[in-house]
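Convert by adding 140 to the 1-based position in the sequence shown; the result is the number in our numbering.
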Amino acid sequence: MDFSVLRNLISRYCAGEEYWVDSRTVYIGHKEPPLGADAYIPQRYPDNRIVSSKYTLWNFIPKNLFEQFRRIANFYFLLIFLVQLIIDTPTSPVTSGLPLFFVITVTAIKQGYEDWLRHKADCSINECPVDVVKEGTVVRTQSHKLRVGDVVMAREDETFPCDLILLSSSRDDGTCYVTTTSLDGESSHKTYYAVPDTMVFKTEQEVDSLHATIECEQPQPDLYKFVGRINIYKESEDPIARPLGAENLLLRGATLKNTEHIYAVAIYTGMDTKMTLNYQSKSQKRSAVEKSMNAFLIVYLCILISKAVINTVLKYTWQWSADHDQPWYNHRTEIDRERHVVIRAFTDFLAFMVLFNYIIPVSMYVTVEMQKFLGSYFIAWDKDMYDDELGEGAQVNTSDLNEELGQVEYVFTDKTGTLTENNMEFIECCVDGLVYIPHAICNGQILSAASSIDMIDSSPGGDHREHEELFFRALCLCHTVQVKEEETVDSIKRGIHQGKPTSFYISSSPDEVALVEGMKRLGYTYLRLKDRHMEILNKEDEIERFELLHVLNFDSVRRRMSVIVKSSAGEYLLFCKGADSSIFPRVVSGKVGQVRARVEQNALEGLRTLCVAYRSLSLAEYEEACHQLSDAKLALQDREQRLAQAYDLIERDFTLLGATAVEDRLQEKAADTIESLHKAGMKVWVLTGDKMETAAATCYASKLFRRSTQILELTKKRTEEQSLHDVLFDLSRTVLRQRSLSRLSVDCQDYGLIIDGATLSAVLKPSPESSGSGNYREIFLEICRNCSAVLCCRMAPLQKAQIVKLIKASKEHPITLAIGDGANDVSMILEAHVGIGIMGKEGRQAARNSDYAIPKFKHLKKMLLVHGHIYYIRIAELVQYFFYKNVCFIFPQFLYQFFCGFSQQPLYDTAYLTLYNISFTSLPILLYSLLEKHVSIEALKSDPTLYRDVAKNSLLRWPVFLYWTCLGLFDACIFFFGAYFLFDNTTFTSNGQMFGNWTFGTLVFTVLVFTVTLKLALDTHHWTWINHFVIWGSLLFYVIFSLLWGGIIWPFLNYQRMYYVFMQMLSSGPAWLGIILLIMVSLLPDVVKKVLCRTLWPTATHLAQSNRPCLTVEPSTIFVLSQSDSRLSF
């Protein structure tokens, strides 16, 4: 049998053809291609149904249980529960089963409710009405019924139901305007194009007559990449092939604007759409606290096993004597006598495991999850991190890393849009070495009252005049700016000036808008793009028209963009603008030296610079360029590489025209934030793609570098003069010598390092030498460790992630944080332990892919110094307290075995065993972990050094863990032996009765509950009515429950051993005295320790707590004074 036929059938009809080939063919309107064309191969694609839910009605229970029991703690308690069911254990299966059932049920309800909300959201989306063209008419259907190949009609302000290829538009030029806010956060209107051959189809009947197929790549998540081509079939003509790119693809979730209607064909549907592929879950990040918690859990598991082994050995040692083995009141059965001793020992070992298993706090995981989930709302609700301009506050995309914000050691930040406003202002331009400053200075002359046209007229003539006009035309033509007339954007009317409509510019790049507006101020106004012609109003108020032939789009690798235009005189011109490093090597003429000097001077002042060049093309050169671009654009495989090769061949032999300078101002309080991070002990690195001089100026302005900082350069320029090996070792000797001197002197030199992308690649490049001088990474890291700040310039996005990964993998394994605002920052945001996105002007890609999102860089200060600090304190106390209270709970049970012949007799009643972690001690610690403020917020903001007290996971280190464990063991011994020795051989009741074992256990349990609850009260610094209600309410609940549990004969119980026990205990005066005395003795060591630490070894936190009144009042007064009068200084 030919198995290949069977495999093809399975792949086509079961898996879908797209999983077996690299491209897909879409038949527009489901029409077969004409005879003689490619064979018609029907393909199966998913429908347009969106499924974001995890469960269905049928698989919820098994799937949810499987996911929950994948957690080690849950699986462990399941095993304990099964052991209790299988063998005869000292405690009822209810004691393990009920807490486990509670944890599983609560988690299942939470996850089920969240999934039900997702089902509702999916249903509302899938049932949205959609207009589809069928047989020449528009038919309304539901979104989930759409299929690949359907022709969709979308109207203005409607959201696209799937990924579509634009066929035609109600606009004459075949374009449409779209906003992609829900995808990348960019609110500007983007222009999308229909291919010229389909834009003529304007009605339903005409669109239905279209006979075409689309070949394109398989679905992939990159929003800005699409490769395809459309083949249009006409009668008695060869098919016409046109390239399709991202400018033709309308993404699901985008909204049609300023266009009456469009016709488009569905190309990716349902779970294949780019929006859906982008919303898939990111890799899970684990916090340092979670790792510590798991390590502590392993220790307690070892303690549990040790206890069980010790008790099993001691039991059989005790039973070595016949009198102890079979006392007169407990003879063995025949079956017990016949069982092998090893089997009996193993059964006893399991029984002891069950008896002591409560030392493992299963409820801790639920409490930690609830604390993280509920605590994240406090970040989102923080009014100090709300931005009025954006109308948004902080966002929490994952609540698993709240405490990690308090452990950050390295901060990696982008520059543009993160430290700066990304609000560009045109400052000046330089043409052939002559400088133009709008409305201020021209060629060194102050012209405050002169108009822009007067300034241009004052420039010299000749060749310079020609270059000047070419320069201004280049900046008016080489861009992707859109011109908008009066319109309403986000309910705000724009484009109105003195009651008259005026145009304004919109672009996804603030630089381009600033340059076009700068040219407008200098006399050249870009008017519009109409019918593939760009119109300019020159200084003589004449309109110039240029036919736009090709756009060579900007990318971060080339760092430039170009346009090919045809003037009204028939001349072909290639205009290019880009970074100086990408333009100067391609220039063959022009005043390079003068322009380079001006660029370097502007960069030193912190201005963003671009160089402008041009090339005149002959007809043959233009046709050759068209041929290269057409071949590259039609390619389905490796289109990007082929386009890059074509661009490289076209963009060369330039004539340099000049350069521009744009200012990107520093964000408000950016310098204060960086200074606070330094004081908190964090090292701040700036990773940017800008020039070294521009980035260095920003670093000085933001106080990353101080004037006293000695700058160490590790740049391409220096490595060309010396070998990389020599430069690295020189820098290493410098910082190490200073470190040795700093040990002897109080004053030490502050170092800052500057490295560029090319040198970083050489440093990170694997060396053929396995040791010796080839190990550059370690030397580089050693230099960085001794620098207070590092600037990495000319960085590619991947290099940013490599830097973060390098620091993460260093021997100290520090906690890293990356913050940025653009798509080029996503890689480092995902790589860092904590990723924070800025809701900036470069879209929302960074905010979408981050763990947290904030409106401005200044909000990072409160995010780390306040929220991070407090959340770490809270969860560290939660984890240590849970282990402490479970040691207090179960160690008396261990001691009790020495007094009951290791018979596995439980000390506590079943109800107490079950409810201890669920009811009696759970709420106080949960509320503590949500509300505790050990230091006031004002103190944390005004004194960043307090952050150092919690750095490096200081509250969850092994010494602290051992202290809590030893404290728990001490308290447990006090509970047990205190009750044992105080009441030994003594009558306490009025009728002369002795206390029995259940009364003894209840007494120990009462002291236990009150002690661990009051211990938490002693640790609470911030008291609210909620804390009072929960702490005292929990103690009251325990007393009321015990009275009811022992005061009523419950008919559903097989035993009534607790009847009247609690009342009998409380009826004894000595019992009351003993309870109070034991509680005081148990709490005394912790109180003494706190007093001694605060007196003899006070930390910055202790000092801040003792000065709380001063800290909460005076700094706010000073702040008001400094804000109200800038002349006052304190």
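Glycine is no exception: its CB is placed at the ideal position from the N, C-alpha and C atoms. None of the values given here were measured: they were computed from a predicted structure.
Buried or exposed (CB count within 10 angstroms, at least 16 for buried), residue i
i: Gln-358; result: exposed
i: Lys-374; result: exposed
i: Trp-1212; result: exposed
i: Thr-457; result: exposed
i: His-480; result: exposed
i: Thr-1164; result: exposed
i: Trp-1138; result: buried
i: Thr-277; result: exposed
i: Arg-164; result: buried
i: Val-292; result: buried
i: Ala-1200; result: According to the sequence shown, residue 1200 is Tyr rather than Ala. Exposed, by the Cβ-count rule.
i: Gln-1044; result: buried
i: Arg-280; result: exposed
i: Trp-1185; result: buried
i: Ser-910; result: In this prediction, Ser-910 has a pLDDT of 42, which is less than 50 and means its spatial position is unreliable; what the coordinates show is noted afterwards. With fewer than 16 other Cβ atoms within 10 Å, it is exposed.
Alpha carbon of residue i to alpha carbon of residue j, nearest angstrom
i: Arg-426; j: Cys-618; result: 46 Å
i: Ser-708; j: Glu-815; result: 56 Å
i: Val-867; j: Arg-858; result: 8 Å
i: Arg-661; j: Ala-801; result: 14 Å
i: Asn-434; j: Leu-1018; result: 14 Å
i: Ile-646; j: Pro-578; result: 21 Å
i: Gln-345; j: Gly-169; result: 12 Å
i: Val-482; j: Gly-1136; result: 34 Å
i: Ala-520; j: Leu-490; result: 47 Å
i: Glu-568; j: Lys-171; result: 57 Å
i: Leu-854; j: Ile-894; result: 6 Å
i: Thr-838; j: Lys-998; result: 16 Å
i: Ser-1256; j: Gly-962; result: Only weak support is given to the placement of Ser-1256: the predicted model assigns it a pLDDT of 31, under 50, and the value that follows is read from those uncertain coordinates. Answer to the nearest angstrom: the Cα atoms are 35 Å apart.
i: Gln-942; j: Ala-972; result: 10 Å
i: Ile-1013; j: His-818; result: 21 Å
i: Arg-700; j: Glu-764; result: 21 Å
Nearest candidate by alpha-carbon position, reference residue i, set the options
i: Phe-1140; options: Leu-1047, Arg-1088, Ala-1112 and Tyr-1178; result: Leu-1047
i: Leu-1346; options: Ile-190, Leu-197, Ile-226 and Ile-244; result: As displayed, the chain neither begins before 141 nor continues past 1270, which places residue 1346 out of reach and without an answer.
i: Val-234; options: Ser-309, Met-968, Ala-1051 and Asn-742; result: Ala-1051
i: Lys-1002; options: Pro-1084, Ile-978, Gly-385 and Gln-282; result: Pro-1084
i: Cys-570; options: Gly-829, Val-735, Ala-654 and Phe-552; result: Val-735
i: Val-623; options: Ser-163, Tyr-666 and Leu-1175; result: Tyr-666
i: Arg-792; options: Phe-552, Ile-723 and Ala-448; result: Ile-723
i: Phe-715; options: Asp-681, Glu-763, Leu-774 and Thr-795; result: Thr-795
i: His-1074; options: Thr-1160, Leu-1102, Phe-1181 and Ala-1091; result: Thr-1160
i: Tyr-364; options: Asp-271, Asn-388 and Pro-954; result: Asn-388
i: Gly-573; options: Val-340, Ser-192 and Gly-798; result: Gly-798
i: Met-1205; options: Thr-1146, Lys-951 and Ala-841; result: Thr-1146
Any non-hydrogen atom of the ligand GTP within 8 Å of residue i CB
i: Asp-671; result: Annotation note on the ligand GTP: not contained in the displayed structure, which lists no ligands.
Rounded distance between the beta-carbons of residue j and residue i, thought under 8 Å
i: Gly-546; j: His-1009; result: 5 Å
i: His-401; j: Glu-296; result: 7 Å
i: Leu-615; j: Met-659; result: 5 Å
i: Ile-220; j: Asn-562; result: Contact doesn't hold; Cβ gap of about 57 Å is too wide.
i: Asp-896; j: Arg-748; result: No, Asp-896 and Arg-748 are not in contact; Cβ-Cβ is about 17 Å, not under 8 Å.
i: Gly-1290; j: Phe-366; result: Residue 1290 lies beyond the stretch modelled for the chain, which goes from 141 to 1270, so this question has no answer here.
i: Gly-314; j: Ala-294; result: Contact doesn't hold; Cβ gap of about 15 Å is too wide.
i: Cys-993; j: Asn-537; result: Going by the sequence as given, residue 993 is Ala instead of Cys. About 7 Å; that satisfies the 8 Å criterion.
i: Met-525; j: Gly-515; result: At roughly 15 Å, the Cβ-Cβ gap does not stay under 8 Å, so Met-525 and Gly-515 are not in contact.
i: Pro-1064; j: Leu-1156; result: 5 Å
i: Thr-1105; j: Phe-1023; result: 7 Å
Residue i at chain D interface by Cβ criterion, 9 Å
i: Ala-958; result: You won't find chain D in this structure, because it holds only one protein chain.
| task | List in chain order: all unbroken alpha helix (DSSP H) runs of 4+ residues lying wholly within the stretch 1033-1103. | result | 1050-1055, 1062-1071 and 1077-1082
| request: List in chain order: all unbroken beta strand (DSSP E) runs of 3+ residues lying wholly within the stretch 947-993. | output: 956-960 and 974-978
| message | Ignoring anything shorter than 4 residues, give me the alpha helix (DSSP H) runs that lie fully in the stretch 793-832, in order along the chain. | response | For the stretch 793-832, whole alpha helix (DSSP H) runs of length 4 or above, ordered along the chain, are 810-819.
| field | Contiguous alpha helix (DSSP H) assignments of at least 4 residues, all confined to the stretch 1226-1251 | value | Runs found: 1240-1246.
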